[in-house]
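J.: Under the working numbering, the residues of the sequence shown are numbered 50 to 196, in order. The beta-carbon is built from N, C-alpha and C at its ideal position, and this holds for glycine as well. These numbers come from a predicted model, not from an experiment.
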Amino acid sequence: MADTKTTAAKAAGGKSSAKKQKTTIRKKKAKLGFTKGVAHIHASFNNTIVSISDPTGHVIAWASAGSIGYTGARKSTPFAAQLASQQVAHAVMERGLKSVDVEVKGPGAGRESAVRALAAAGLTITSIADVTPVPHNGCRPPKRPRG
50 MADTKTTAAK AAGGKSSAKK QKTTIRKKKA KLGFTKGVAH IHASFNNTIV
100 SISDPTGHVI AWASAGSIGY TGARKSTPFA AQLASQQVAH AVMERGLKSV
150 DVEVKGPGAG RESAVRALAA AGLTITSIAD VTPVPHNGCR PPKRPRG
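Written out as C-alpha coordinates, the structure is:
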(Lines of atoms letter the chains of each structure in order from A and count residues from 1; the text may use other names and numbers.)
(Lines give C-alpha, C1' and ligand atoms only; values in the text may rest on other atoms or scores of the structure.)
Protein backbone atom coordinates (compact mmCIF):
# COMPACT_ATOMS: atom_id res chain seq x y z
CA MET A 1 0.00 0.00 0.00
CA ALA A 2 2.85 2.38 0.83
CA ASP A 3 4.52 1.58 -2.49
CA THR A 4 1.49 2.66 -4.49
CA LYS A 5 1.32 6.00 -2.67
CA THR A 6 4.98 6.77 -3.24
CA THR A 7 4.83 5.74 -6.90
CA ALA A 8 1.65 7.78 -7.37
CA ALA A 9 3.31 10.80 -5.76
CA LYS A 10 6.37 10.40 -7.98
CA ALA A 11 4.19 10.03 -11.07
CA ALA A 12 2.34 13.22 -10.18
CA GLY A 13 5.66 15.08 -10.05
CA GLY A 14 5.86 15.34 -6.27
CA LYS A 15 8.52 14.03 -3.96
CA SER A 16 7.94 10.94 -1.89
CA SER A 17 9.00 12.60 1.36
CA ALA A 18 7.72 16.08 2.04
CA LYS A 19 10.08 18.34 3.99
CA LYS A 20 8.55 20.59 6.58
CA GLN A 21 9.93 24.09 6.91
CA LYS A 22 11.02 24.95 10.39
CA THR A 23 9.94 28.35 11.61
CA THR A 24 11.18 29.81 14.83
CA ILE A 25 9.66 32.77 16.57
CA ARG A 26 11.89 34.61 18.98
CA LYS A 27 10.54 36.65 21.80
CA LYS A 28 11.65 40.24 21.86
CA LYS A 29 14.03 40.72 24.74
CA ALA A 30 12.57 42.80 27.53
CA LYS A 31 13.83 46.25 28.38
CA LEU A 32 16.28 46.45 31.22
CA GLY A 33 15.27 48.12 34.46
CA PHE A 34 18.36 50.36 34.42
CA THR A 35 20.18 52.63 31.98
CA LYS A 36 23.77 52.33 33.23
CA GLY A 37 26.08 49.32 32.92
CA VAL A 38 29.72 48.26 32.96
CA ALA A 39 31.62 47.40 29.77
CA HIS A 40 34.41 44.88 30.34
CA ILE A 41 37.01 44.75 27.56
CA HIS A 42 39.51 41.89 27.80
CA ALA A 43 42.20 42.50 25.19
CA SER A 44 44.69 39.64 25.01
CA PHE A 45 47.39 39.18 22.38
CA ASN A 46 45.20 36.67 20.52
CA ASN A 47 41.61 37.90 20.92
CA THR A 48 39.43 40.69 22.29
CA ILE A 49 36.32 39.92 24.36
CA VAL A 50 33.77 42.66 25.06
CA SER A 51 31.00 42.05 27.59
CA ILE A 52 28.52 44.47 29.09
CA SER A 53 27.03 43.75 32.50
CA ASP A 54 24.59 45.40 34.83
CA PRO A 55 26.02 47.28 37.85
CA THR A 56 25.89 44.11 39.97
CA GLY A 57 27.97 42.12 37.46
CA HIS A 58 25.41 39.96 35.61
CA VAL A 59 26.34 39.85 31.91
CA ILE A 60 23.70 41.26 29.55
CA ALA A 61 25.50 40.79 26.22
CA TRP A 62 28.95 39.78 25.02
CA ALA A 63 30.91 39.27 21.82
CA SER A 64 34.46 38.48 20.87
CA ALA A 65 36.51 38.78 17.73
CA GLY A 66 36.27 35.01 17.38
CA SER A 67 32.50 34.86 17.90
CA ILE A 68 31.81 37.30 15.06
CA GLY A 69 33.64 35.08 12.60
CA TYR A 70 37.33 35.94 12.64
CA THR A 71 39.87 33.17 13.02
CA GLY A 72 43.60 32.98 13.57
CA ALA A 73 45.67 36.14 13.46
CA ARG A 74 42.70 38.27 12.35
CA LYS A 75 41.16 37.95 15.83
CA SER A 76 43.95 40.04 17.32
CA THR A 77 43.39 43.05 15.04
CA PRO A 78 41.89 46.34 16.23
CA PHE A 79 39.25 46.13 13.50
CA ALA A 80 37.91 42.83 14.85
CA ALA A 81 37.73 44.37 18.34
CA GLN A 82 35.83 47.32 16.88
CA LEU A 83 33.23 45.07 15.24
CA ALA A 84 32.77 43.07 18.45
CA SER A 85 32.20 46.30 20.41
CA GLN A 86 29.68 47.56 17.86
CA GLN A 87 27.71 44.32 18.01
CA VAL A 88 27.52 44.38 21.82
CA ALA A 89 26.66 48.09 21.92
CA HIS A 90 23.74 47.70 19.52
CA ALA A 91 22.44 44.70 21.47
CA VAL A 92 22.34 46.55 24.80
CA MET A 93 21.06 49.83 23.35
CA GLU A 94 18.03 47.97 21.98
CA ARG A 95 17.30 46.90 25.54
CA GLY A 96 17.51 50.43 26.93
CA LEU A 97 21.10 50.88 28.14
CA LYS A 98 22.42 54.40 27.66
CA SER A 99 25.73 54.80 29.53
CA VAL A 100 28.60 52.56 30.57
CA ASP A 101 31.68 52.58 32.75
CA VAL A 102 34.52 50.95 30.81
CA GLU A 103 37.01 48.57 32.41
CA VAL A 104 39.90 47.56 30.13
CA LYS A 105 42.05 44.54 30.94
CA GLY A 106 45.07 43.22 29.09
CA PRO A 107 47.81 44.37 26.71
CA GLY A 108 46.13 43.54 23.38
CA ALA A 109 45.88 45.57 20.20
CA GLY A 110 42.10 45.98 20.45
CA ARG A 111 42.04 48.04 23.65
CA GLU A 112 41.62 51.51 22.24
CA SER A 113 39.53 50.66 19.19
CA ALA A 114 37.01 48.76 21.30
CA VAL A 115 36.48 51.80 23.56
CA ARG A 116 36.17 54.12 20.56
CA ALA A 117 33.61 51.81 18.95
CA LEU A 118 31.43 51.84 22.08
CA ALA A 119 31.40 55.64 22.02
CA ALA A 120 30.76 55.79 18.27
CA ALA A 121 27.81 53.39 18.58
CA GLY A 122 26.03 55.89 20.82
CA LEU A 123 26.77 54.75 24.35
CA THR A 124 27.82 57.46 26.80
CA ILE A 125 31.12 56.56 28.46
CA THR A 126 31.23 57.90 32.00
CA SER A 127 34.63 56.54 33.05
CA ILE A 128 37.49 54.43 31.72
CA ALA A 129 39.57 52.31 34.10
CA ASP A 130 42.55 50.06 33.42
CA VAL A 131 42.13 46.92 35.53
CA THR A 132 45.01 44.91 34.07
CA PRO A 133 46.25 42.54 36.79
CA VAL A 134 49.82 43.35 37.82
CA PRO A 135 51.70 40.72 39.83
CA HIS A 136 53.53 41.64 43.03
CA ASN A 137 56.45 39.51 41.80
CA GLY A 138 54.45 36.29 41.56
CA CYS A 139 55.02 33.75 38.79
CA ARG A 140 58.08 33.90 36.57
CA PRO A 141 57.13 35.31 33.14
CA PRO A 142 57.75 33.32 29.95
CA LYS A 143 61.12 33.72 28.26
CA ARG A 144 61.41 36.64 25.87
CA PRO A 145 61.47 35.85 22.16
CA ARG A 146 64.76 36.71 20.48
CA GLY A 147 64.56 37.90 16.94
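Who are G145's beta bridge partners in DSSP?
T.: Here the question's residue 145 lines up with position 96 in the sequence shown. Per DSSP, G145 has no beta-bridge partner at all.
J.: Helix, strand or coil, according to DSSP, for K192 in the structure here?
T.: If you number the sequence shown from 1, residue 192 lands on position 143. Coil, per DSSP.
J.: Buried or exposed for S148, going by 16 or more other Cβ atoms inside 10 Å?
T.: In the sequence shown, counting from the first residue as 1, residue 148 sits at position 99. S148 comes out exposed.
J.: Skipping 5 residues on each side, what residues in its chain have a beta carbon closer than 8 Å to that of G118?
T.: Sequence index remark: in the sequence shown, residue 118 carries index 69 (1-based). The answer is none, since no qualifying residue turns up.
J.: Alpha carbon to alpha carbon, how far is R195 from A140? Give it in angstroms, no decimals.
T.: Your numbering for residue 140 matches position 91 in the sequence shown. Your numbering for residue 195 matches position 146 in the sequence shown. About 43 Å.
J.: Could you check whether the Cβ of D150 sits closer than 7 Å to any heavy atom belonging to the ligand SAM?
T.: The ligand SAM is not among the ligands present in this structure, which contains no ligands whatsoever.
J.: Judging by CA-CA distance, which residue of R144, R189, Q131 is the nearest neighbour of A79?
T.: Stepping through the sequence shown from its first residue, residue 79 is reached at position 30. Among R144, R189, Q131, the Cα nearest to that of A79 is on R144.
J.: Is the separation between the beta-carbon of V153 and that of I177 shorter than 8 Å?
T.: Walking along the sequence shown from the start, residue 153 turns up at place 104. Walking along the sequence shown from the start, residue 177 turns up at place 128. Yes, they are a contact pair.
J.: Taking the C-alpha atoms as reference points, what is the distance between W111 and H91?
T.: As a first step, residue 111 is located in the sequence shown; it is residue number 62 there, counting from the start. As a first step, residue 91 is located in the sequence shown; it is residue number 42 there, counting from the start. Each residue's Cα considered, the two are about 11 Å apart.
J.: If you check the beta carbons only, do S93 and G155 fall under 8 Å apart?
T.: The residue labelled residue 93 in the question sits at position 44 within the sequence shown. The residue labelled residue 155 in the question sits at position 106 within the sequence shown. S93 is a Cβ neighbour of G155, given a cutoff of 8 Å.
J.: Where do the ends of the beta strand (DSSP E) carrying V108 lie?
T.: For the purposes of this step, residue 108 is identified with residue 59 of the sequence shown, where counting begins at 1. Where V108 is concerned, the enclosing beta strand (DSSP E) stretches over 108-113.
J.: Give me the Cβ distance between A163 and A130, rounded to the nearest whole Å; I'm assuming they're in contact under 8 Å.
T.: On the sequence shown, position 114 is the one that residue 163 refers to. On the sequence shown, position 81 is the one that residue 130 refers to. Rounded, the Cβ-Cβ distance is 4 Å, consistent with contact.
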